Amino acid sequence: MNVETRIKDPYYKAMMGKMILLVIAVSFAPLLLVSGSILNKFSISYREKVNAHLGELVLKHTQNIDGFLLEKLNNIRFIANSFSIEELKNENFLRNKLAALQTEYGTVFEDLGVINNEGIQVTYAGPFKLERAVYSDAEWFKKALKKDYFISNVFLGLRGTPHFIITVRVNRHGKPWILRATISFAAFNSVVENLRIGRTGFAFILNNEGEFQSKPGFKVAASETHSCHISIKEGKKTKDGIYFHKFDDESGNRILHVASFLKKGEWLLVFQQDESDAFMDIDHAKQIAFIIIIIGGICTIVTAIMLSRWMVAKIAKADAEKEMMNQQVIDTGKLASLGELAAGIAHEINNPVAIMVEEAGWIHDLLEDEPVNKLENKEEFERALAQIKTQGIRCREITQKLLSFARKIDSSVANVNINEIINDVIRFCSQRAKYSNVVIQSKLGENLPVLKVSHTEMQQVLLNLMNNALDALEKRGGNISITSMLEDDDVVIGVKDDGPGIPPATIHRIFDPFFTTKAVGKGTGLGLSICYGIIKKLGGNIDVQSIIDAGTTFSVRIPRKTNESK
Numbered sequence: 271m272n273v274e275t276r277i278k279d280p281y282y283k284a285m286m287g288k289m290i291l292l293v294i295a296v297s298f299a300p301l302l303l304v305s306g307s308i309l310n311k312f313s314i315s316y317r318e319k320v321n322a323h324l325g326e327l328v329l330k331h332t333q334n335i336d337g338f339l340l341e342k343l344n345n346i347r348f349i350a351n352s353f354s355i356e357e358l359k360n361e362n363f364l365r366n367k368l369a370a371l372q373t374e375y376g377t378v379f380e381d382l383g384v385i386n387n388e389g390i391q392v393t394y395a396g397p398f399k400l401e402r403a404v405y406s407d408a409e410w411f412k413k414a415l416k417k418d419y420f421i422s423n424v425f426l427g428l429r430g431t432p433h434f435i436i437t438v439r440v441n442r443h444g445k446p447w448i449l450r451a452t453i454s455f456a457a458f459n460s461v462v463e464n465l466r467i468g469r470t471g472f473a474f475i476l477n478n479e480g481e482f483q484s485k486p487g488f489k490v491a492a493s494e495t496h497s498c499h500i501s502i503k504e505g506k507k508t509k510d511g512i513y514f515h516k517f518d519d520e521s522g523n524r525i526l527h528v529a530s531f532l533k534k535g536e537w538l539l540v541f542q543q544d545e546s547d548a549f550m551d552i553d554h555a556k557q558i559a560f561i562i563i564i565i566g567g568i569c570t571i572v573t574a575i576m577l578s579r580w581m582v583a584k585i586a587k588a589d590a591e592k593e594m595m596n597q598q599v600i601d602t603g604k605l606a607s608l609g610e611l612a613a614g615i616a617h618e619i620n621n622p623v624a625i626m627v628e629e630a631g632w633i634h635d636l637l638e639d640e641p642v643n644k645l646e647n648k649e650e651f652e653r654a655l656a657q658i659k660t661q662g663i664r665c666r667e668i669t670q671k672l673l674s675f676a677r678k679i680d681s682s683v684a685n686v687n688i689n690e691i692i693n694d695v696i697r698f699c700s701q702r703a704k705y706s707n708v709v710i711q712s713k714l715g716e717n718l719p720v721l722k723v724s725h726t727e728m729q730q731v732l733l734n735l736m737n738n739a740l741d742a743l744e745k746r747g748g749n750i751s752i753t754s755m756l757e758d759d760d761v762v763i764g765v766k767d768d769g770p771g772i773p774p775a776t777i778h779r780i781f782d783p784f785f786t787t788k789a790v791g792k793g794t795g796l797g798l799s800i801c802y803g804i805i806k807k808l809g810g811n812i813d814v815q816s817i818i819d820a821g822t823t824f825s826v827r828i829p830r831k832t833n834e835s836k
């Protein structure tokens, strides 16, 4: 079962799902907590800065408007205090003063007038026909008589246009006189309209009755102005006298009001702006952050899926290898049992074979000693007895070798001639090589040093290498070359075949335990691993070189003084 098939198993699907959820949870939890905390802190800080900025603008604008009104009041007070009532009652004189004020301040001053204590305007200078106008019933006149100076609310009056007046009371001969100046509503409104921010931000002025004292930049319902005036007075006030108020209009839009009292608390300067417009930048930043979080979340989910799939595939592959390893361990156990069985059988067969050989020899001796010259077919008897003895000896040698290789228990160290072991292995493999149409050639070095190693272990190493070479040539035949030589004080043994070679993708794993490229049941994957362990234990090295369709060469290098001899 391949990995792709295994990961479709419900067990691995559930594992993958849990891993995906775990990775997403671990990734999203800090992301949402950190980003949410940062955005919240940033939003609070930004709103505080925007509110502080709007409060400062409203405060400065309040000061500007108060300064405007005070300046105009001082202009009228200067005229009232510098000249006598007789001079001010002179129409030409009053016109000259109005002209001087208009020259200095433009159209801010519309007209001037002198009013007696009965409310009759005795002198007038201006564009309207207000000579001898009677103001005795006017509310502003009644208030002006009681104060040294007075600034009225905006009203229509006799001229029918919005305006407000500034008055200064002058006492002459025990009677109050009023010097009145009309301030242009357009000029005053332009001062208020200078406060414009964003798409919806504008300013207007209300009196204590909630009436407009300036023209608002946008439509504002009268009910809103009245409720706004009341709520602002009851709302939160900063140490600078700035009020902040929020409410929902008829359309459901959240409205922000920033206000400050001017004209000694008689007027209220209100700055109005949609909250979405005032905090547009922070909302835009939140949208960008949200998009980034969404993109990051998608990337995290994709990564979690890919990573979980990769990890589950690795686990499935490891499980598959584990199962294969377990099966190979079972097969190895079976082979070990088979080896013990073969050793037992070889031992049991060896005894009757030995007896058979001895008896054949005994019969031959009898034929030689007794007079059997008259026996017919004597030569045929002698030939058959010789053949029985030869084949019995051969059978005994085979069973002895099988017994030696099957048990593999004699790991005692002794002085060994490596060429003798090579020749033994060649003889043991010659019959299989003959059936597989394989030619074994040997080129063994002379006068090689004696190695102090385990005879059985060296047999096992060389037999494994020869068997692998024979396996590679089993289908098509070929040649195997085994060599030995002395190189740099090391004994070097080479086993070369001209088989199909080992693929580059797997050659680096051939010494791994339980790794095999053979069909199931034909290999345990332990042979080369055991060989590698034996050679490394001796302090030597085993290398492999392979070319596809050209062959494979194993080189075993054993030092003259092995670890076993130290």
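Here our numbering is used: position 513 in the sequence shown is 783, and no number is missing along the way.
The C-beta atom is built at its ideal place from N, Cα and C for all residues, glycine as well.
All figures in this text were calculated on a predicted structure; none of them were measured in a lab.
Under DSSP, residue 661 shares a beta bridge with no residue. In this structure, residue 334 and residue 424 do not form a Cβ contact; the two beta carbons are roughly 18 angstroms apart against a cut-off of 8 angstroms. Each residue's CA atom was taken as its position, placing residue 739 and residue 815 some 13 angstroms apart.
Comparing C-alpha distances from residue 407 to each of 418, 393, 389 and 400 shows the shortest one belongs to 389. Membership of residue 725 in the alpha helix (DSSP H) is indicated by the continuous run 725-742. The DSSP-derived three-state label of residue 587 is helix. In this structure residue 290 does not touch residue 564 by the C-beta definition: roughly 18 angstroms separates them, more than the 8 angstroms allowed. Residue 787 is not bridged by DSSP to any residue.
In this chain, residue 337 is not harboured by any beta strand (DSSP E); it is covered by the alpha helix (DSSP H) spanning 280-352. Distances from the alpha-carbon of residue 744 to those of 782, 702 and 580 put 702 closest.
Linking residue 315 to residue 327 through their CA atoms gives a straight-line distance of about 18 angstroms. Around the beta carbon of residue 711, a 10 Å sphere encloses fewer than 16 other beta carbons of the protein chains shown; the residue is thus reported as exposed. By DSSP's assignment, residue 802 forms no beta bridge with any residue.
Here residue 828 is buried, its C-beta having at least 16 other C-beta atoms within 10 Å.
Contact between residue 577 and residue 293 holds: their C-beta atoms lie close to 6 angstroms from each other, under 8 angstroms. In this structure residue 448 is in contact with residue 414, their Cβ atoms being roughly 5 angstroms apart against a cut-off of 8 angstroms. Within the model, the alpha-carbon separation for residue 428 versus residue 409 is close to 13 angstroms.
Secondary structure of residue 549 (DSSP, three-state): coil.
Per DSSP, the beta bridge partners of residue 437 are 420 and 450.
Contact between residue 715 and residue 755 holds, with the beta-carbon distance rounding to 4 angstroms and staying under 8 angstroms. Secondary structure note for residue 701: its alpha helix (DSSP H) is the uninterrupted segment 688-705. Exposed is the label assigned to residue 580, since fewer than 16 other Cβ atoms lie within 10 Å of its Cβ. Considering only 732, 758, 759 and 350, the residue with the shortest C-alpha distance to residue 750 is 732. In this structure residue 537 is buried. Its beta-carbon is surrounded by 16 or more other beta-carbon atoms within 10 angstroms. In chain order, 432 place their CB closer than 7 angstroms to the CB of residue 426, counting only its own chain and leaving out the 5 sequence neighbours on each side. Rounded to the nearest angstrom, the gap between the Cα atoms of residue 570 and residue 520 is 43 angstroms.
Separation of residue 803 and residue 812 (C-alpha to C-alpha, rounded to the nearest whole angstrom) is 10 angstroms. DSSP places residue 376 within a helical segment (H, G or I) once states are collapsed to three. Counting C-beta pairs with one atom in each stretch, the segment 360-376 and the segment 555-562 have fewer than three that are closer than 8 angstroms, which means they do not touch. Not a single unbroken stretch of the alpha helix (DSSP H) spanning 4 or more residues falls wholly within the segment 510-545. Only exposed fits residue 444, as fewer than 16 other CB atoms lie within 10 angstroms of its CB. Annotation for residue 404: no alpha helix (DSSP H) segment contains it, and DSSP assigns it neither H nor E. Bridge pairing for residue 685: 722 [DSSP].
DSSP, reduced to helix, strand and coil, places residue 777 within a helical segment of the structure shown. In this chain, the beta strand (DSSP E) harbouring residue 477 covers 472-477. Pairing residue 308 with residue 513, the inter-Cα distance amounts to about 28 angstroms.
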